[in-house]
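One structure below.
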Amino acid sequence: MRVILGLDSAEEGRALVGGQPYRSLRRPLTHIGALLDAGALQPGRTARHHLLWQARSQGLGTRRVDEVLSLVGLENAARRKAGGFSLGMRQRLGIAAALLGDPPVLMLDEPFNGLDPEGFVWIRSFLTSLAADGRAVLVSSHLMSELQDTASHLVIIGRGKVIADGSVRDMLASVARDRLTLRTPAPAQAMDVLTRTSAAVSASGPGMLIISGLPAEKVVALLGERGVPVSEISAHRASLEDAYMRLTQDAVEYRATAVEAQR
Amino acid sequence: MTSTMTPYRSQAGPGRDGFRQLLGAEWTKFRTVRGWWAGMACAALAVVLVGLLGTAAGSHSGSAGAGFPAGPGGEAVNDSFFFVHRTLTGNGSITVPVTSLTGVIDGQSREYSGTQPWAKAGVIMKESLSQGSPYAAVMATPGHGVRMQYDYTQDIAGIPGAVTAAAPRWLRLVRSGDTITGYDSAGGTSWTLIGTARLPGLASTVQAGLFVTSPSIIQDSNKGGGTVPAVATAHFSQPGLVGGWSQQAWTGQQLGGAGTSGSYTDNITTGQFTRSGTGFTVTGAGDIAPIVGGIAMGPGYTLENFLVGVFAGLVAMIVIATLFITGEYRRRLIHTTLTVSPRRGRVLIAKALVIGSVTFAAGLAGAAVVVLLGQPHARADGFPTFTVPPLTELRVLAGTGLLLAAAAVFALALGVILRRSAPVIAIVVAITVLPYILGTAGVLPAGPAEWLLRVTPAAGFAIQQSVPFYQQVMNIYTPPNGYYPLAPWAGLAVLCGYALLALAVAATLLRRRDA
Amino acid sequence: MRQALNAEWTKLRTETSTLWLLLGAVIVTVALGAGVTSSIMCDARGCAGDPTELSLTGIMLGQAVIAILAVTAISSEYSTGMIRTTITLVPRRPAVPAAKAVVLVCVVAAASAIAVLGSLIAGRYILPGLADGPTLRAALGSVLYMALIALLSLGAATAVRDSATGTGIVLGLLYLFPVLIKVIKDPQWQRHLQQIAPMPAGLAIQATGNLQHLPISPWAGLGVLAAWAAAALLLGGLLLQLRDA
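This is how it looks when you write it as structure tokens:
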């Protein structure tokens, strides 16, 4: 990201924004807005003034500053010193700064880190709405579970190489394992019925079975024929985490000793 | 997924990100951190308070409100000599031979004969007996031959060589309206014109006659410093008078005490004149000359003395200028700055302009206030203040602001290079203030002291020099006495050179380095 | 306390700038001292000025480098946030600057000894007549002077917690008094200021001759500087104890 923004120089290759190197852009904040480090603040400066100097450098004024502050919901904290901001407020402030030039592209580095649940929900919906406007929102993160529902396209980088570059749907599809989770008050009976089919069945807890190899309709029909009550049947959703783990098996640089996950 | 949405277009509105906007951004950055702008205000306050403290300490037993006598051009002068005079009304002339010029010097243990090279004996026409009034004089000196001097600052050379019985010096002054012309002659028959003095508005009645005076001998610090009293005695033959001279007898008196650069000895405590045949023997001490820096200043304060607080302000301003840039590195704000304004060279120049302007304004304000408040206060305490022409005062005050601004920009540039505040502040303060301390302390000989004040950023303090140099006034013109080796603007240029060189290096590093 | 000392020593010796700063202090001290002594004129009667004192002029510059070292030793903990770790490990807070003080004094004294020795050797080659007894006092006193400057800087920086302000305050205290003293016309005031100002009083220890004309006697002058350093350390320690980390 720093190379894209012209902060670091690349040893090889080039990074272009809109076809130009970043350092030759005029009014760069109107081309791309970035949040790399929410903590990069002068503690003695108020939030409003922090945005004001950035706005002035692009020829923008206090009106725009107040607009972005209300966009991110910081209008009440605008005249407080940035040193006293919580992490969530700092992230919001950083996003506000990225939006100053109303850019068509946003680039955010780990924006979800350290947020409380409320902040989390807010950012997720905010970024989604920004993308719905037609903007390109680039987010770097490792929080799979959250990104699964938010992101539409994924680029995975490991050990300096691009490991995957495609839509989230395709990626999930590639690891879909076609499994079902069945909850029933009569697990033994259900087990009995299903083991006679070609499906693989295993128990995964009191009253829960995992079935793979049969579509859900078939399972329901079979059990209904034999009178086995069914409380719940659901598709075991493929997770982005699974996809990521599979793709990056070889490419992880620092790996903690694995603790076997209970499935 | 292929998007069927139209790509977003920025609606930020028109605007430029030119240099003016960059300046606005950097100024906003500075004024929105209370510690920085309040610190600048405190620095200006320090200039005032420390300056007042330094010049208000103690009191002097001189008469309150007394200043140095001022010559026709406004400069501070010594106007002390033994005057044997009569009144001259309208045009006229006086001609007299000086047949001997000797003196007595009051050494540490005993008195011995000898003269100060600029002891003066000759004829003078002076508008009145008040201190600092206009005059023109032709005189013999032991070390510099015959001179014509007028209005304290003007000096023209005549016949060289010392006065002896075998080689007397004939001196003549001719007054015609506002103009007084001086002549000299070795034999009394053929006269050479030395120079012409125009004294605009000269009264028709003037005091004219013979005079003798001698400044003290100034010893340099290697021999202990201080002054050695010297008194001169001259023999004049019968003066020839032409024109409207009064018929009263010659009156002899000491004008102006001994002044600040002359002194009578223990044995010869006052000037005098006696008749010897048709001539006169006159003894006198003192000087008719502008006051220069050093011992001749006596207990008086120069303009730069009031600006001693500038050193305190300088340290504070260097701290703030350094923090203006190193604070960004420390808080990783430099990334934001360079993302928002990728043209890095311009960012540096904008920062330099902002911090330089603020420092200049604060420094100028502090300097102006301390001079305004301090001078009357010092005079009330009995310390005379050395007055300078308004243009000089403007140069000193504006120059002080400029030197503070240059030091601030120097610190800013070093802050980009080193990125850590403590080394930057230590380097800038040490190489700006320590050479000044060493150069003006009088511990080093004049050569190395002047080298320090030529080559280091401390050269910039030359812009504050308000004491003038006169080649007809013998003095130790060295830094401890307030004389810098470089001309004022040249010294400031050296300091600016340091700042600009550091800026150039900083700009290169800023562009090449990863942020 | 022993653990605190150990910790501080480890911190100081593993910081890369420490060695460079100490080396820098030695170099500038010797260089300036040699420069001054080579510029003094000497004739048959002796040299103008006090040869030992002149050889040791470099201390005036070396002290600035030592100030950087001492100030950053404590303020870098605040700027990186490491102070919280340090105070957690050493709950008796005054032990922190105390341990830093001990460790700093040791390294500064060692470096100053080298610097003083170098300056005097250079002076001996250039100037004749370096007296022995008083020169020893001047040498030892100069080493103590540098150590006291380090302590003064440490105390001031602990009190203000910021390296820029701390450096500014220390250098201001050292360099501003001599300038002020020169301007004051009243001899009484001049004398008093020379007796209480940290640098002029402290450097009185370097005088080897004409002692009766000094405004303050050598060891008393060093004592004045010690008082400044003690006051700074006390203030710093007190504020450290009372403030939130």
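Chains as they are written, first to last, in the working numbering: chain A, 1 to 263; chain B, 1001 to 1515; chain C, 2001 to 2245. For glycine and all other residues, C-beta sits at the position ideal for the given N, C-alpha and C.
Min CB distance residue i to chain B below 9 Å
i, result
"A/Gln91", "no"
"C/Pro2026", "Here the sequence assigns Val to residue 2026 of chain C, which means Pro is not the residue at that position. No, its Cβ sits nowhere closer than 9 Å to a Cβ of chain B."
"C/Tyr2175", "yes"
"A/Leu194", "no"
"A/Gln42", "yes"
"A/Tyr244", "no"
"C/Pro2178", "yes"
"C/Trp2189", "yes"
"C/Ala2138", "no"
"C/Lys1991", "Because residue 1991 of chain C is not part of the residues shown, which for chain C are 2001 to 2245, the question remains open."
"A/Asp8", "yes"
Chain C contact for residue i (CB, 9 Å cutoff)
i, result
"B/Ile1334", "no"
"B/Ala1426", "yes"
"B/Ala1506", "no"
"B/Arg1172", "no"
"B/Ala1197", "no"
"B/Asn1481", "no"
"B/Pro1448", "yes"
"B/Leu1434", "yes"
CB contact check: residue i to chain A, cutoff 9 Å
i, result
"B/Gly1439", "no"
"B/Ala1515", "yes"
"B/Asp1017", "yes"
Option nearest residue i by Cα separation, candidates the options
i, options, result
"B/Thr1227", "B/Gly1188, B/Leu1023, B/Ile1325 and B/Ile1105", "B/Ile1105"
"B/Ile1124", "B/Gly1327, B/Ala1044, B/Leu1333 and B/Thr1213", "B/Thr1213"
"B/Leu1307", "B/Gly1013, B/Ala1056, B/Pro1069 and B/Leu1353", "B/Ala1056"
"C/Leu2061", "B/Val1409, B/Arg1172, B/Phe1083 and B/Leu1434", "B/Leu1434"
"B/Asp1381", "C/Ile2184, C/Gly2237 and C/Ala2201", "C/Ile2184"
Residue i versus residue j: straight-line alpha-carbon distance, rounded
i, j, result
"A/Gly84", "A/His50", "13 Å"
"B/Trp1451", "C/Thr2037", "15 Å"
"A/Arg246", "A/Gly207", "30 Å"
"C/Leu2140", "C/Met2146", "10 Å"
"B/His1085", "B/Gly1074", "26 Å"
"B/Gly1067", "B/Ser1059", "14 Å"
"A/Pro187", "A/Pro215", "19 Å"
"B/Phe1236", "B/Val1388", "37 Å"
"B/Gly1018", "B/Val1347", "11 Å"
"B/Ile1431", "C/Val2116", "21 Å"
"B/Gly1294", "B/Pro1229", "16 Å"
"A/Val137", "A/Phe112", "14 Å"
"B/Gly1013", "A/Leu60", "8 Å"
"B/Arg1419", "C/Val2143", "30 Å"
"B/Arg1198", "B/Ile1156", "14 Å"
"A/Arg79", "A/Gly18", "35 Å"
Supposed close pair residue i, residue j - CB separation, criterion 8 Å
i, j, result
"A/Pro103", "A/His153", "Not really, about 18 Å apart at Cβ, beyond 8 Å."
"B/Gly1182", "B/Met1148", "4 Å"
"B/Ile1427", "C/Tyr2175", "The Cβ separation is near 13 Å, so there is no contact."
"B/Tyr1483", "B/Phe1469", "7 Å"
"B/Gln1131", "B/Gly1256", "5 Å"
"B/Thr951", "B/Thr1385", "An answer regarding residue 951 of chain B cannot be provided, because it is not within the stretch 1001 to 1515 covered by chain B."
"B/Ser1422", "C/Ile2083", "Looking at the sequence provided, one finds Ala at residue 1422 of chain B rather than Ser. About 17 Å; that fails the 8 Å criterion."
"B/Ser1216", "B/Ser1263", "5 Å"
"B/Thr1322", "A/Leu5", "Not confirmed; about 26 Å, so no contact."
Own chain residues within Cβ distance below 6 Å of residue i, not counting five before or after
i, result
"B/Thr1580", "What is shown of chain B runs 1001 to 1515, which leaves residue 1580 of chain B out entirely."
"B/Val1371", "Phe1306"
"B/Gly1298", "Thr1260"
Interface partners of residue i on chain D, CB under 9 Å
i, result
"C/Thr2016", "Reference to chain D is not applicable here, since the protein chains of this structure are A, B and C."
Close beta carbons around residue i, own chain, < 8 Å, minus the five adjacent residues each side
i, result
"C/Gly2049", "Ile2040"
"C/Leu2005", "Ala2099, Val2102 and Val2103"
"A/Met1", "Ala34, Leu36, Met107, Asp109 and Ser140"
Contacts around residue i, its chain only, beta-carbon distance under 7 Å, and the 5 residues preceding and following it disregarded
i, result
"A/Asp165", "Val155"
"B/Val1315", "Val1429"
"A/Val65", "Arg48, Leu51, Leu52 and Ala55"
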